[in-house]
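Notes follow the structure.
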Amino acid sequence: MELRKDYFADVRKDGLNEIGQPRPRLDSPGHVTGKTAYFADRNFPGMLHLKMVRSPHHHARIRSIDTSEAEKHPGVVKVLTAKDVPHNVYTILILIQIGPEDETVLADGKVRWKGEAVAAVLAETERAAQEAAAKVEVDYEVLPAVFDMEEALRPGAPVVNEYHGQNYYLYDSGECRKVRFGDVEAGFAQADHILEQSYQSSPIEHAPTETTGCVVAPEGNDRFTCYTNTQAMFFTLDNASIILQMPGSKLHFVGGTVGGGFGGKVDVIVEPIAILGAKLTGRPVCFIYSREEEMQISSPRAAEKVVIKDGVMKDGRIVARKVTGYTDAGAYSRHSPYGAQKGAAHYPGPYTIPNVWIDTYCVYTNRTPSSAMRGFGVTIGDFALEVQMDNLARLIRMDPLEFRFINAYRDGDMKAHRQPTEGAALIECMQEAARAANWPLAEKYMAMSSYRKGA
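Take the position in the sequence shown, starting the count at 1, then add 1186; the result is the number in my numbering.
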């Protein structure tokens, strides 16, 4: 790696002790010697194993749940249903006032996606828990399901989540998050060319080496220690406190070591029910996803659809950009309303465009709830925007990198969400990319700067 200090030399501070210096990771020795302790390395005497009864249907009404045969199965200690959960309806982002609460810990009256948890079985062995779970009898009335975002938004579509009342998240700006800057229709009227394209992605599973899970141990005096591989320690602790109606001071969470996460372990799914199991049985509880559960049950990156309409001049200036984005939340919100909002802020891309119109929808379908994954809300949008940039460059027969130099934002430029650009460095990054790739560029582009507007 090369550190180029000739850029921004007049505004950069040198002589820093940490920035720009190589430093070994403190946890590396443990990883390479096999001494790192993961949550599943904890094994307590008398520990119970928890397995879920899961819905085989994408959308169904629960008529009845019969746990009697499961409770008789050898090794079973307890079977939990929705009535056992103190605060059964929650949503992760309620901690930052993003509601409503719309997801059940254990399904109550209805399931909204295939794999949704209906009952939890606690048994002496993993095998006993699995066998007993298969004996829980659930009577379902199958309901019409919807899997396509645009179909879900049409009038008359099956309502996925009654806690919302419609198949989209309701922002303070209405049915979608909106950004308006300039006059996009006037920009299109001015443009020499107009290009409209659609881009679509499927859900993407994180596939971590270590599956989602936790081990909970009672400590006496109604206190519990939870060993977990969550990536969001305090979100998990605080949500568990709400779900269990217990003060956070009674819950001790131990984590920090994650065997692969990539954003896939920020949802509060396994910890509350495992703590509840330990509380009601007085014994340690282990709840770990199987590989099948990790692939089917854990939240993927959301499926997205992005429709981009651009107006561009023959000289390469983009004068109007209209984006409609759709984020498939699945059956519940989790982090998706935030992801769609990030998309709205990002969709103009790192370009200065005088006229922008953006609508981003967070849509509910009967699919596995989606959530965070590596820049969620932005990553798929970047794919769509940069493919669109290449297509625009081809349309006007311009070099795609030079086309980006013409439109790149620089310090002082006003972004579509009305925040001035600061510390852009995009011009300089593209200049170095061109050098590294031996990409021929006109000298005027190599002389440009992100913070000298006239250059």
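No residue lacks a Cβ here, since even glycine has one placed at the ideal position from N, Cα and C.
**Prompt:** Looking at the structure shown, is P1215 part of a helix, part of a strand, or coil, going by DSSP?
**Reply:** helix
**Message:** Taking DSSP's pairing of strands, which residues face I1494 in a bridge?
**Reply:** Under DSSP, I1494 forms a beta bridge with Q1383, V1509.
**Message:** Starting from E1618, trace the alpha helix (DSSP H) in both directions and tell me its first and last residue.
**Reply:** 1612–1622
**Request:** Helix, strand or coil for E1478, going by three-state DSSP, please let me know.
**Result:** helix
**Request:** Could you say which of G1447, A1320, D1453, H1379 lies nearest to G1502 if we only look at CA atoms?
**Result:** H1379
**R1678, enclosing beta strand (DSSP E) - first and last residue** = Absent from the model: residue 1678. The displayed extent of the chain is 1187 to 1641, so no value can be given.
**Item:** Of the listed residues V1505, K1500, I1504, P1534, nearest to G1511 (C-alpha basis)
**Value:** P1534
**Asked** Who are H1235's beta bridge partners in DSSP?
**Response** A1309, C1472
**Asked** How would you label A1375, buried or exposed, when you count the other beta carbons within 10 angstroms and need 16 or more for buried?
**Response** exposed
**Request:** List the whole-angstrom C-beta distance separating A1256 from V1322, where the pair is believed to meet the contact cut-off of C-beta under 8 Å.
**Result:** 5 Å
**Prompt:** By a C-beta neighbour count over all protein chains shown, 10 Å radius and 16 as the cutoff for buried, is Q1527 buried or exposed?
**Reply:** buried
**Prompt:** Residue range of the alpha helix (DSSP H) that L1202 falls in?
**Reply:** No alpha helix (DSSP H) holds L1202; DSSP gives it neither H nor E.
**Distance, L1281 Cα to L1423 Cα** = Going by the C-alpha atoms only, they are around 11 Å apart.
**Request:** Report buried or exposed for T1219, applying the criterion of at least 16 other Cβ atoms within 10 angstroms of its Cβ.
**Result:** exposed
**Asked** In terms of residues, what are the limits of the alpha helix (DSSP H) holding F1591?
**Response** 1586–1593
**Message:** Does T1290 come out as helix, strand or coil in the three-state DSSP assignment?
**Reply:** Under the three-state reduction of DSSP output, T1290 falls in the strand class.
**Message:** Going by DSSP in three states, M1499 sits in which element: helix, strand or coil?
**Reply:** coil
**Request:** Return the CA-CA distance between A1602 and L1581, expressed in angstroms with no decimal places.
**Result:** When rounded, the separation of the alpha-carbon atoms in A1602 and L1581 is 24 Å.
**Best match in Y1349, E1405, K1465 for proximity to I1438 [C-alpha to C-alpha]** = Per the sequence shown, residue 1438 should be read as His rather than Ile. That would be E1405, whose Cα lies nearest to the Cα of H1438.
**Message:** For G1609, tell me which candidate among D1192, R1198, K1191 has the shortest Cα-Cα distance.
**Reply:** R1198
**Item:** Exposed unless 16 or more other CB atoms sit within 10 angstroms - verdict on A1623
**Value:** exposed
**Request:** Would you kindly work out how many angstroms separate the C-alpha atoms of M1634 and L1202, rounded to a whole number?
**Result:** 28 Å
**Request:** Assuming G1529 contacts V1564 (C-beta within less than 8 Å), just tell me the rounded distance between them.
**Result:** 7 Å
**Residue from T1551, V1573, P1536 with nearest C-alpha to G1598** = P1536
**Request:** Give the C-beta separation of S1522 and S1484 to the nearest angstrom, bearing in mind that I take them to be a contact with Cβ-Cβ under 8 Å.
**Result:** For S1522 against S1484, the beta-carbon gap comes to about 15 Å, at or over 8 Å, which does not count as contact.
**Request:** Please state whether DSSP places V1322 in a helix, a strand or coil.
**Result:** coil
**Request:** State yes or no: is the beta carbon of I1461 nearer than 8 Å to at least one beta carbon in chain B?
**Result:** The structure shown contains no chain B, having only a single protein chain.
**Prompt:** Beta carbon of R1298, beta carbon of W1543: below 8 Å?
**Reply:** no
**Asked** Just how far apart, CA to CA, sit H1532 and V1509?
**Response** 11 Å
**Item:** A1303 burial status per 10 Å Cβ neighbour count (16 or more: buried)
**Value:** buried
**Item:** Residues bridged to Y1550 (per DSSP)
**Value:** G1516
**Request:** Look at the Cβ atom of G1449, then the Cβ atom of H1392, and state whether they are nearer than 8 Å.
**Result:** yes
**Neighbour-count burial assignment, I1278, 16 or more Cβ in a 10 Å radius** = buried
**Item:** the stretch 1351–1359 / the stretch 1543–1552 touching (three or more Cβ pairs under 8 Å)
**Value:** Contact holds: three or more Cβ-Cβ distances are below 8 Å.
**Request:** Report buried or exposed for A1570, applying the criterion of at least 16 other Cβ atoms within 10 angstroms of its Cβ.
**Result:** buried
**Item:** Residues bridged to V1365 (per DSSP)
**Value:** I1544
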